[in-house]
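Have a look at the structure below, then the notes.
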Amino acid sequence: MKVKGKVWKYGDSVNTDVIFPGKYTYTLREPEEMAKVALEDLDSDFNENAKPGDIIVGGKNWGCGSSREQAVTCLKERGIAAIVAKSFARIYYRNCINQGLPIVVSPEAVDAIEKGEQIEIDFDDGVIHTSKGDFSFPPFPDFVRGLIEDGGLIPHVRKSLGISD
Amino acid sequence: MGKTFAEKALGRAAGHEVTANDVVTVEPDFCMSHDNAAPISKIFKKIGVDKVWDPDHLVFILDHAVPAPSDKHAQNHKDVREFVAEQGIRHFYDVMSDGGVCHQVMCEAGYALPGTIIVGSDSHTCTYGAFGAFSTGIGRSEMAATWATGKIWFKVPESMKVNVTGSFPKGVASKDLILKLIGDIGADGADYMSAEFHGPGIEQMSLAERMTITNMGIEMGGKNAACPPDQKVMDFVRDIAKTDNWEPLWADDDAVYTKELSYNLNDLVPGLAKPHTVDNWGPIDEMKGETIHQAFLGSCTNARIEDLRGAAEILKGHKVAVRTIVIPASWAVYRQAMKEGLMDIFLDAGCVITNPGCGPCMGNHEGILAPGEVCISTANRNFKGRMGNKESFIYLASPLTVAASALKGEFADPREV
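From first to last, the protein sequence lines stand for chains E and X.
Heads up: the first sequence at position 164 corresponds to 163 in numbering that gives the first Met the number 0, and the numbers run straight through without jumps.
Heads up: the second sequence at position 94 corresponds to 93 in numbering that gives the first Met the number 0, and the numbers run straight through without jumps.
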């Protein structure tokens, strides 16, 4: 799997409340509604101009805070193709895998990547291609790759239980 | 080589010995959800299974926006009730007087038990570690999948040991310890780790004081946080346990830790977590005298009877200078506060008391901030926009510091009132 897109770059400890504000937790129920408020309290430019295929690049501890899965759903529904960060908060990391949103941990790549540039991520070979060179990362273990390829945990569980569409 | 608490608890659940970084699949003892049981039930339906694996393992507690402040919240609660009826879930706490904030109810009603595995669709599920449970927060999809299969995988976490000695000086509370610790190691200082609290400083703390500490384990990135299941825990849970399947477990003396820290409670001062990150710690001296607009005494972190007693002692016979919202953590706490006369103290002081629940903590209702306003809060997060407005400022502190500040209308030192 390869993704290529424009970078939205942020700093450390971007938390679940600024990715998806808590005040919408029980009022926005559909993913397309959630997508419209993504990063609303952090970056109005993203909120207005992010396009499908774009890639988010964050600092350390991306997604700290709540277990609120909408903080992943809103970005996935918005068409974000991947998130690269120096590190991820634990629950957020699991939520990304469970939603089938590919993520990469690479502090070196984050330091090199500029806001607004085009980068390409090759998940099969474990390489991020940037304007300042290539950065490798360990490809997902088979278990995680299987989950993402199935489209996330729910389709994966359906498959494992032998439930067909 | 000795085992950590996480290795013992996950090993017990897996049925075989485990070591940090092993991956295990376990059946949780309880799966807790709050108002988000409704969206989780929608995800559950997509799986295509008719019934949850065992309804007696599920616990639903409505607390995030209760009673419903809008038609959308009301619909959400209605969806939960319909799912409860359809699935035969008996551990359900509706908007009634046996409920309250989910984490408080889980502990006072006997679900948080030593050696058990508890998952919750809320990041502060780590609170139950105060009772020696291995408890952790998970997302909605993962909870739906766990309802369907009865199983969840975990990587056995590496562990961090915090040795605590001494006792609290006057005006200093367990919130001051956890805010200082998070300030020292950062919001990712315990990322992916099990945080264990050891030592005589922890042993002399009440269960309420320990719950404040474990509640905030997630604010330093912890997968879970835990205290030893000592006699205080055993005495508390023995007669109220909701299952017989529990067992006190604790780390061996020669267990291996990734990180070790030590704190002497005698050295602590009242502190604050300043906007907009929980690790932005500063001593009260740094902010003393700055104006506040709202004080909030509530949330799953600090709204137990012990917290209300501490605040009431400061407020008794005085008037608050700013609007002060008091939200007991549960109806049991509310009732106890009434019996002890604390509610009269709060009302005489000019505080507003609302019904138990999460209140304004995550921006849904009962104390939303206006742009430019400053709130001192006993809750666990000061993220931008957390209390409903991105142009407001949240400072986290102990109930004692919140009460002292409410009296003055500015950040104040509880040792000086």
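Every residue, glycine too, gets a C-beta built ideally from N, C-alpha and C.
Note that the structure is a prediction, hence the values are computed from the model and not measured.
Reduced DSSP secondary structure (H/G/I, E/B, other) of residue i
i, result
"X:G136", "strand"
"E:C95", "helix"
"E:T72", "helix"
"X:A336", "helix"
"X:S96", "coil"
"X:H63", "coil"
"X:R322", "strand"
"E:Y25", "coil"
"X:M142", "helix"
"X:G109", "coil"
"E:Q117", "strand"
"E:D133", "strand"
"E:K3", "strand"
"E:L160", "coil"
"E:S43", "helix"
"X:F345", "helix"
"X:A147", "helix"
"X:W249", "coil"
"E:P138", "coil"
"X:N244", "coil"
Top-ranked residue by Cα proximity to residue i, from the options
i, options, result
"X:Y394", "X:D343, X:E259, X:G281", "X:G281"
"X:D93", "X:G309, X:L61, X:K273, X:A129", "X:L61"
"E:K131", "E:E113, E:N97, E:N14, E:K59", "E:E113"
"X:V171", "X:G270, X:G297, X:M142", "X:G270"
"E:K85", "E:I102, E:Q69, E:G52", "E:I102"
"X:A250", "X:H197, X:G297, X:D97", "X:H197"
"X:H364", "X:E6, X:H72, X:F4", "X:H72"
"X:L178", "X:Y127, X:V236, X:I283", "X:I283"
"E:K5", "E:K50, E:E31, E:E32", "E:K50"
"E:E119", "E:E31, E:P154, E:V56", "E:V56"
"E:S163", "X:N265, X:I46, X:F382", "X:I46"
"X:C125", "X:G387, X:N379, X:L399", "X:N379"
"X:H33", "E:A37, E:Y9, E:I18, E:S66", "E:S66"
"X:Q103", "X:G358, X:T300, X:D229, X:D183", "X:T300"
"X:G220", "X:E259, X:N244, X:A194", "X:A194"
"X:V401", "X:I291, X:P359, X:L341", "X:I291"
"X:T115", "X:R11, X:P66, X:R89", "X:R11"
"X:N20", "X:N35, X:C30, X:T3", "X:T3"
"X:I375", "X:S397, X:K389, X:G109", "X:S397"
"E:F136", "E:P106, E:T15, E:R77", "E:P106"
Where residue i meets chain E, residues with beta-carbon distance less than 8 Å
i, result
"X:V48", "L160, I162"
Span of the beta strand (DSSP E), counted from its first residue to its last, around residue i
i, result
"X:A186", "Segment: none, X:A186 is in no beta strand (DSSP E) and carries neither H nor E."
"X:Q293", "293-296"
"X:G309", "X:G309 -> not in any beta strand (DSSP E); alpha helix (DSSP H) instead, spanning 304-314."
"X:L271", "270-272"
"E:G57", "54-57"
"X:F392", "392-395"
First through last residue of the alpha helix (DSSP H) which encompasses residue i
i, result
"X:T400", "398-407"
"E:A34", "30-34"
"X:A73", "70-86"
"X:M459", "With chain X covering 0 to 416 only, the question about residue 459 of chain X has no answer from this structure."
"X:L206", "206-214"
"E:T15", "15-18"
"X:E6", "4-13"
"X:G131", "Taken as a continuous stretch (DSSP letters only), X:G131 belongs to no alpha helix (DSSP H), as it is neither H nor E."
"X:I217", "Element bounds for X:I217: n/a, residue is neither H nor E."
"X:M43", "Correcting the residue type first, residue 43 of chain X is Phe in the shown sequence and not Met. Residues 36-46."
"X:M361", "No alpha helix (DSSP H) contains X:M361, which DSSP labels as neither H nor E."
Contact belief for residue i with residue j at Cβ below 8 Å, rounded distance in angstroms
i, j, result
"X:A254", "X:F133", "X:A254 to X:F133, Cβ: 15 Å. No contact."
"E:N48", "E:A88", "Going by Cβ atoms, the distance from E:N48 to E:A88 rounds to 26 Å, so no, they are not a contact pair."
"X:I181", "X:M215", "7 Å"
"X:Q335", "X:I313", "With 8 Å as the limit, X:Q335 and X:I313 do not qualify as a contact, their Cβ atoms being about 19 Å apart."
"X:A232", "X:G131", "It is worth fixing the name first, because residue 232 of chain X is Val in this sequence and not Ala. Right, the Cβ-Cβ distance comes to about 6 Å (below 8 Å), so this counts as a contact."
"E:C95", "E:S12", "Contact doesn't hold; Cβ gap of about 17 Å is too wide."
"X:A320", "X:G384", "Not a contact, Cβ separation roughly 26 Å."
"X:D28", "X:I88", "Their Cβ separation, rounded to whole angstroms, is 15 Å, which puts X:D28 and X:I88 out of contact at 8 Å."
Residue i: contacting residues in chain E (beta-carbon distance under 7 Å)
i, result
"X:F382", "N14, D16, V17, G64"
"X:D34", "Y25"
"X:D121", "S66"
Contacts that residue i makes with chain X (C-beta to C-beta distance below 8 Å)
i, result
"E:A34", "Per Cβ cutoff of 8 Å: no residues; E:A34 is ~16 Å from chain X at best."
heavy atom of the ligand GTP below 7 Å from residue i C-beta
i, result
"E:G151", "No copy of the ligand GTP occurs in the structure displayed, which carries no ligand at all."
Beta-carbon neighbours of residue i, restricted to chain X and to distances below 7 Å
i, result
"E:E68", "G138, R139, S140"
"E:P20", "G362, G384"
"E:S86", "D187, D190"
"E:K59", "D187"
Closer than 8 Å to chain B by CB, residue i
i, result
"E:N46", "Protein chains E and X are contained in the structure displayed, whereas chain B is not."
Contacts that residue i makes with chain E (C-beta to C-beta distance below 9 Å)
i, result
"X:G387", "P20, G21, K22"
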